[in-house]
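One structure is given below, encoded as structure tokens.
In our numbering, the protein residues as written are 6 to 205.
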């Protein structure tokens, strides 16, 4: 058994049961080709996907990509402007968020392509300074793009429902409750999150 799962199993009997049931889930094996073209394009997808299904997010992202000729970059997003982004199906707010992200990347206020040197907290702070990027979106970026090993998106409803089910709780736990529970899983919270998502 790999160290992350061995440690989690030793610390938490419920996680040990999930590991036995689902195996050692690949915490970083669920990336999509849209997210692999660039970190900027991946962050665009994370923003587009806020509060909607993954299927719909892909449809909207693909419309934006088609409108710019295939490759989603800061320059082409800025060239599209708010009206064209709205024509792709984005809300007024999400169009504004994408334009803010693109402008910050173009101006050098954020460098999505070179964030590997930043600590988790620094990367999250840089990301959440952008309009429309909250903690969940920043955490998902660290998981999917930066492959960080100690990220638990406690605000994710899937994570909270998985905890409710696995621990047999009477209701979906609060974000703070999941964060408190997950503190014992450091520095392998990403692996615990992958396992919880898999359990659904």
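Every residue, glycine too, gets a C-beta built ideally from N, C-alpha and C.
- In this structure, residue 115 lies away from residue 126, with their beta-carbon atoms at least 7 Å apart.
- Taking all protein chains in view, the Cβ of residue 22 is surrounded by fewer than 16 other Cβ atoms within 10 Å, so the residue is classified as exposed.
- By the beta-carbon neighbour count (other beta carbons within 10 angstroms, threshold 16), residue 195 is buried.
- One Cα belongs to residue 165, the other to residue 201, and the distance between them is close to 9 Å.
- For residue 100, same chain residues with a beta-carbon under 7 Å away, outside a window of 5 residues either side, are 87, 90, 91 in chain order.
- The beta-carbon distance between residue 123 and residue 133, rounded to whole angstroms, is 13 Å. This is too long to meet the 8 Å contact definition.
- Judged by DSSP secondary structure, residue 51 falls within the alpha helix (DSSP H) whose first and last residues are 44–53.
- Straight-line spacing of the CA atoms in residue 13 and residue 183 works out to 15 Å.
- If you draw a straight line from the Cα of residue 48 to the Cα of residue 146, it is about 7 Å long.
- In this structure, the beta-carbon distance from residue 187 to residue 157 falls below 7 Å.
- The DSSP-derived three-state label of residue 77 is coil.
- Here residue 93 is near residue 69, since their CB atoms are less than 7 Å apart.
- For residue 161, there is no enclosing alpha helix (DSSP H), as DSSP marks it with neither H nor E.
- Judged by DSSP in its simplified three-state form, residue 8 adopts helix.
- Note that the C-beta distance between residue 120 and residue 111 is not below 7 Å.
- For residue 204, the enclosing alpha helix (DSSP H) has its first and last residue at 194–204.
- Closest by C-alpha distance to residue 78, out of 198, 189, 19, 117, is 117.
- The three-state secondary structure of residue 92, taken from DSSP, is helix.
- For residue 26, the enclosing alpha helix (DSSP H) covers residues 18–27.
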